[in-house]
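Engineer: What follows is a structure written as structure tokens; I'll ask about it next.
There are 2 protein chains.
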Amino acid sequence: MAEPVRFGVLGCANIARKVIRAMTLAEGVEAHAVSSRSLEKAQRFAEEVGKATGAKLIAYGSYEELLSDPQIDVVYMPLPTSLHLEWVQKAAAQKKHVLLEKPPALTLEEMDKILKVCEDAGVQYMDNSMWIHNPRMEAIRAAKQSKENFGQVLRFDSSLHFHLPLHSGDIRLDSALDALGALGDVGWYCIGHSLWAMDWDLPQRVVAQPGTKTSKGGVITSIGATLVWADGRVATFYCSFEAAWGQQAYLVGTNGHIHWNDLCIPMREDSCAFVTSSKPGLINSDTEVSNEYRETRVDLRVPQEALVLEDFAAIVSGLKAGKEALDSRWPERSYKTLRVLLAVKDSYDKGEAEIRVT
Amino acid sequence: MAEPVRFGVLGCANIARKVIRAMTLAEGVEAHAVSSRSLEKAQRFAEEVGKATGAKLIAYGSYEELLSDPQIDVVYMPLPTSLHLEWVQKAAAQKKHVLLEKPPALTLEEMDKILKVCEDAGVQYMDNSMWIHNPRMEAIRAAKQSKENFGQVLRFDSSLHFHLPLHSGDIRLDSALDALGALGDVGWYCIGHSLWAMDWDLPQRVVAQPGTKTSKGGVITSIGATLVWADGRVATFYCSFEAAWGQQAYLVGTNGHIHWNDLCIPMREDSCAFVTSSKPGLINSDTEVSNEYRETRVDLRVPQEALVLEDFAAIVSGLKAGKEALDSRWPERSYKTLRVLLAVKDSYDKGEAEIRVT
């Protein structure tokens with residue numbers, strides 16, 4: 001049995017709880033340590049999460065200590081976005097691979113630096129977008145490649161929204177920490193899915209839809225946008241901190257469409273589904289629509305949160321064995337997603353102006 | 001038993017077949033006559049439709065003859081939009097009530113004239129938007145009025161698309177007959193639903209989304225748009241002649257959402273449904289979403305195509321009995337829908353400029 005890939009967690013953010021749980025479920029992965037700026041907080045967090053998940057975490061009282069632990073292969077960073085560059089630089093200096101919480105950066109310049117420092121240090125970069133590691137995406141991709149039942153992609157509409165109390169003190173509403181607000185948080189997933197739907201081609205141009213809402217501090221709390229590709233494909237999305245939890249995906253082709261109503265976080269962690277409709281049409285003197293909706297179910301051996309870690313660990317194991325090079329797909333996809341996201345922000349800032357991307 | 005309300009049909013358009021069938025199913029309604037510019041065509045059509053539906057139709061060889069039949073109460077007009085004003089004027093002159101196929105007019109000036117001539121003549125105007133007469137809409141309205149389970153309306157996204165062969169010679173692709181293309185045809189329904197969702201308040205402004213497609217003759221074949229209300233509510237829609245048949249509606253509130261995937265033409269004509277999700281949220285350490293999707297089914301005594309006719313006939317019966325005044329809701333809703341539709345067209349024509357509506 002090969003050595004597990006050991007993960008250290010930088011910070012005690014809430015999201016780290018489910019990621020540490022996933023570390024205990026993922027094969028070939030070990031939850032090794034957690035750090036906070038205070039040892040006491042790190043110890044309390046390690047104990048709590050340990051009880052809930054069985055993870056045996058070393059607690060460090062500073063991020064630096066964790067980074068200098070030679071046993072750690074990968075650092076998972078659920079830090080506020082404004083701190084990412086600094087800590088990626090420090091992690092890369094210690095030759096730690098980096099699993100970064102999204103959004104990875106606030107500007108493309110920061111993103112360039114983050115990716116360059118990882119590449120130069122020979123460490124793998126990945127952002128923690130879980131959905132893309134879910135085998136459902138491969139099953140949907142196969143369905144959309146059917147010329148007969150789906151045809152050509154014309155449009156992808158997605159939405160992701162939940163209610164974040166605006167006075168909760170959540171970092172996602174603090175312009176000093178996560179200035180991209182709902183766009184950086186939930187919008188990240190919509191844009192990622194849109195690029196995925198278009199085979200990771202970049203759109204030619206993007207426009208923020210009118211109707212953006214912001215907090216009193218100027219952080220975006222709701223926004224929609226339209227992305228247009230050079231060949232005429234279109235994607236739209238809506239993301240918000242103000243609406244009831246909801247997450248729709250609707251992929252429209254010339255011969256059929258595909259729908260799933262749990263874009264980002266599956267209804268169940270052991271199984272998820274999508275619905276296809278192939279060659280639908282009017283029947284019965286045009287008063288009914290042929291109902292060919294078909295659900296395809298995809299079973300998950302481990303939750304998608306664990307699949308990210310397994311995919312990451314497989315790359316790290318390959319690197320450690322000297323068998324594999326850095327996997328450039330992950331930094332590329334992350335970069336493209338941020339590029340489009342910032343173009344949407346730019347469009348909003350410029351009064352819903354059209355922003356050229358390619 | 002009261003006299004039935006008698007309908008005459010101006011023209012032998014394909015859509016008239018299902019409307020005449022609906023006349024045979026609607027209570028208090030009689031399919032009385034059909035006319036074409038050629039008697040032979042009208043006779044052949046009357047015979048064909050009679051065989052299929054049991055309707056016993058008088059065939060007239062000119063529209064004028066039909067309009068002068070004193071037995072006819074209502075004229076149903078499935079004519080190309082460019083002919084509407086002329087024939088509404090002639091029908092009103094004969095004191096015939098008018099059920100008009102959509103889009104009712106190509107300009108607001110035409111629309112004003114159509115509505116004025118009907119009002120002045122004391123005849124009822126209604127456009128043949130069937131969905132709104134479906135009792136499902138009342139059931140959804142009740143669901144969205146639940147403060148606890150739905151909350152406040154934030155957004156409504158709809159889409160309606162089907163594949164219309166671009167060289168089919170269909171009037172909806174002929175700029176001389178139906179210059180509003182997919183926007184006038186399928187877009188009409190999306191905009192109507194959007195206004196319905198917002199309790200018939202007019203939006204403050206509309207913007208066509210980038211990515212509109214047109215035929216070689218310049219008729220819109222695909223378009224999306226964003227509508228914004230003064231209080232921040234947003235609606236978006238996508239309509240197309242280029243995609244597989246599909247019709248989505250997604251109404252988002254602060255505490256829940258409502259979804260139906262047969263916006264305009266129900267899957268079945270005797271029953272239709274919608275799905276509500278109330279107070280959805282993350283569960284199980286944030287790795288699953290609470291699945292509270294609930295389907296509500298609404299049974300239909302007669303198909304929605306017949307319900308329009310019954311609603312119309314009830315107004316006409318009331319007018320004939322001298323008990324009721326003209327019902328102003330129908331011309332108002334039709335006018336508002338066209339007003340928004342033309343604002344979207346204007347936005348597209350002006351390079352996706354924002355167009356003020358109110």
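Note that the protein sequences, when read in sequence, are chains P and B.
Residue numbers are given in full-length UniProt numbering: position 155 of the first sequence equals residue 155, and the series is strictly consecutive.
Residue numbers are given in full-length UniProt numbering: position 57 of the second sequence equals residue 57, and the series is strictly consecutive.
We put the CB at the ideal spot given by N, CA and C, even for glycine.
No experiment lies behind these values; they were computed from the predicted model shown.
#1: Would you please state the rounded distance, in angstroms, between the beta carbons of residue 83/B and residue 61/B? I believe it to be under 8 Å.
#2: Touching or not, the stretch 177-192 of chain P and the stretch 178-196 of chain B, by the rule of three or more beta carbon pairs under 8 Å?
#3: What separation, rounded to the nearest whole angstrom, lies between the Cα atoms of residue 183/P and residue 261/B?
#4: Going by DSSP, what residue range makes up the beta strand (DSSP E) through residue 297/B?
#5: Tell me, which residues are paired with residue 355/B by DSSP?
#6: Kindly indicate which three-state DSSP category residue 391/B falls into: helix, strand or coil?
#7: Using a Cβ cut-off of 7 Å (strictly closer), state whether residue 209/P contacts chain B.
#8: Helix, strand or coil: how does DSSP classify residue 126/P here?
#9: Just to confirm before moving on: does the CB-CB distance between residue 59/P and residue 31/P stay below 7 Å?
#10: If you run the structure through DSSP and keep just helix, strand and coil, what is residue 262/B?
#11: I think residue 277/B touches residue 297/B, with their Cβ atoms under 8 Å apart; what is that distance to the nearest whole Å?
#12: Does DSSP classify residue 347/B as helix, strand or coil?
#13: In the DSSP assignment, find the beta strand (DSSP E) that holds residue 161/P and state where it starts and stops.
#14: Is residue 150/B helix, strand or coil by DSSP?
#15: Starting from residue 6/P, follow the alpha helix (DSSP H) in both directions and report where the run begins and ends.
#16: Hey, residue 188/B and residue 337/B are a contact pair by Cβ (cut 8 Å); roughly how many whole angstroms apart?
#17: Looking at C-alpha atoms only, which residue of 280/P, 18/P, 252/P is the closest neighbour of residue 159/B?
#18: Just the Cα atoms here: how many angstroms apart are residue 130/P and residue 224/B?
#19: What residues in its chain sit with their C-beta under 7 Å from that of residue 201/B, if we drop five residues either side in the sequence?
#20: Would you check if the distance between the CB atom of residue 5/P and the CB atom of residue 34/P is smaller than 7 Å?
#21: Between which two residues does the alpha helix (DSSP H) containing residue 240/B stretch?
#22: Ignoring anything shorter than 4 residues or poking outside the stretch 7-86 of chain P, list the alpha helix (DSSP H) runs there in chain order.
#23: Run through DSSP, which three-state label would residue 319/B get?
#24: Figure out for me which residue from 2/B, 343/B, 57/B has the closest Cα to the Cα of residue 17/B.
#25: So that I know if they touch, is there some Cβ in chain P lying closer than 7 Å to that of residue 269/B?
#26: Could you tell me which of 103/P, 215/P, 72/P, 222/P sits nearest to residue 331/P, measuring between CA atoms?
#27: Please list, in chain order, all residues of the same chain as residue 36/B whose beta carbon is under 6 Å from its beta carbon, the five residues on each side excluded.
#28: Select from 99/B, 244/B, 307/B, 345/B the residue whose C-alpha is nearest the C-alpha of residue 334/B.
#29: Go ahead and pull the three-state DSSP assignment for residue 194/P.
#30: Using alpha carbons as the reference points, say which of 55/P, 50/P, 93/P, 105/P lies closest to residue 78/P.
#31: Along the beta strand (DSSP E) that carries residue 227/P, what are the first and last residues, could you check?
#32: Applying a beta-carbon distance threshold of less than 9 Å, which residues of chain P neighbour residue 21/B?
#33: From residue 352/P to residue 175/P, what does the alpha carbon distance come to, in whole angstroms?
#34: What residues are listed by DSSP as bridge partners for residue 213/B?
#35: How far does the alpha helix (DSSP H) with residue 117/P in it extend, from its first residue to its last?
#36: By Cβ distance, which residues of its chain are closer than 7 Å to residue 218/P, with the 5 residues on each side in sequence left out?
Structural biologist: Concretely, from the data shown:
#1: Position 83 of the second sequence, counted from the first residue, corresponds to residue 83/B. Position 61 of the second sequence, counted from the first residue, corresponds to residue 61/B. In fact, because the Cβ distance is near 17 Å, the residues do not count as touching under 8 Å.
#2: Result no; under three Cβ-Cβ pairs closer than 8 Å.
#3: Against the first sequence, residue 183/P aligns to sequence position 183. Against the second sequence, residue 261/B aligns to sequence position 261. Distance between the alpha carbons of residue 183/P and residue 261/B is about 27 Å.
#4: What you label residue 297/B is simply residue 297 of the second sequence in a count that begins at 1. Counting along the chain, the beta strand (DSSP E) containing residue 297/B begins and ends at 294-299.
#5: Here residue 355/B refers to the residue found at position 355 when the second sequence is read from its first residue. Answer is 206/B, bridged to residue 355/B.
#6: Shown here, chain B extends from 1 to 358; a query on residue 391/B therefore has no answer.
#7: The residue given as residue 209/P occupies position 209 in the first sequence. Closer than 7 Å: yes.
#8: As a working note, residue 126/P is residue 126 in the first sequence. Looking at residue 126/P - three-state DSSP - the assignment turns out to be strand.
#9: Within the first sequence, numbered from 1, the residue matching residue 59/P stands at position 59. Within the first sequence, numbered from 1, the residue matching residue 31/P stands at position 31. The answer is no: Cβ separation not under 7 Å.
#10: Counting from one through the second sequence, the residue named residue 262/B turns up at place 262. Residue 262/B falls in the coil class under three-state DSSP.
#11: Along the second sequence, one-based indexing puts residue 277/B at 277. Along the second sequence, one-based indexing puts residue 297/B at 297. Residue 277/B to residue 297/B, Cβ: 16 Å. No contact.
#12: Residue 347/B sits at position 347 when you count from the first residue of the second sequence. Note: residue 347/B maps to helix in three-state DSSP.
#13: Counting from one through the first sequence, the residue named residue 161/P turns up at place 161. Per DSSP, the continuous beta strand (DSSP E) segment holding residue 161/P begins and ends at 153-163.
#14: Translated into the one-based positions of the second sequence, residue 150/B becomes position 150. Reduced to three states, the DSSP call for residue 150/B is coil.
#15: Here the question's residue 6/P lines up with position 6 in the first sequence. Where residue 6/P is concerned, there is no enclosing alpha helix (DSSP H), although the beta strand (DSSP E) around it starts and stops at 5-10.
#16: Start at 1 with the first residue of the second sequence, and residue 188/B comes out as number 188. Start at 1 with the first residue of the second sequence, and residue 337/B comes out as number 337. Right, their Cβ atoms sit about 6 Å apart.
#17: Here residue 159/B corresponds to residue number 159 of the second sequence, with the count starting at 1. That would be 252/P, whose Cα lies nearest to the Cα of residue 159/B.
#18: To locate residue 130/P, count along the first sequence from 1; it is residue 130. To locate residue 224/B, count along the second sequence from 1; it is residue 224. Their Cα atoms are separated by approximately 30 Å.
#19: One-based indexing of the second sequence puts residue 201/B at position 201. Excluding residues within five positions, the ones whose Cβ falls inside 7 Å are 229.
#20: In the first sequence, the residue the question calls residue 5/P occupies position 5. In the first sequence, the residue the question calls residue 34/P occupies position 34. Against a cut-off of 7 Å, the Cβ pair of residue 34/P and residue 5/P comes out as no contact.
#21: Residue 240/B sits at position 240 when you count from the first residue of the second sequence. The continuous stretches of alpha helix (DSSP H) do not include residue 240/B, which lies in the beta strand (DSSP E) extending over residues 234-240.
#22: Counting only runs of 4+ residues, the alpha helix (DSSP H) found wholly inside the stretch 7-86 of chain P occupies 15-25, 39-53, 63-67, in chain order.
#23: Start at 1 with the first residue of the second sequence, and residue 319/B comes out as number 319. Taken through DSSP and simplified to helix, strand or coil, residue 319/B comes out as helix.
#24: Residue mapping note: residue 17/B aligns to position 17 of the second sequence, counting from 1. The residue with the shortest Cα to Cα distance from residue 17/B is 57/B.
#25: Here residue 269/B refers to the residue found at position 269 of the second sequence. At a cut-off of 7 Å between beta carbons, residue 269/B contacts chain P.
#26: Locating residue 331/P in the first sequence gives position 331, where the first residue counts as 1. Among 103/P, 215/P, 72/P, 222/P, the Cα nearest to that of residue 331/P is on 103/P.
#27: Here residue 36/B is taken as the residue at index 36 of the second sequence, counted from 1. So the list reads 12, 42, once near-sequence residues are dropped.
#28: Mapped onto the second sequence, residue 334/B falls at position 334. Ranking the options by Cα distance to residue 334/B, first place goes to 99/B.
#29: As a position in the first sequence, residue 194/P is number 194, starting the count at 1. Here residue 194/P sits in helix by DSSP.
#30: Position 78 of the first sequence, counting from 1, holds the residue named residue 78/P. The alpha carbon of residue 78/P has as its nearest neighbour, out of 55/P, 50/P, 93/P, 105/P, the alpha carbon of 105/P.
#31: Position 227 of the first sequence, counting from 1, holds the residue named residue 227/P. Counted as a single uninterrupted DSSP element, the beta strand (DSSP E) harbouring residue 227/P occupies residues 220-228.
#32: Position 21 of the second sequence, counting from 1, holds the residue named residue 21/B. Simply 285, 287.
#33: The residue given as residue 352/P occupies position 352 in the first sequence. The residue given as residue 175/P occupies position 175 in the first sequence. Cα-Cα distance, rounded: 21 Å.
#34: Stepping through the second sequence from its first residue, residue 213/B is reached at position 213. In the DSSP output, where bridge partners are listed per residue, residue 213/B has 222/B.
#35: For the purposes of this step, residue 117/P is taken as the residue at position 117 of the first sequence. Note, residue 117/P: alpha helix (DSSP H), 108-121.
#36: Here residue 218/P is taken as the residue at index 218 of the first sequence, counted from 1. Result list for residue 218/P: 175, in chain order.
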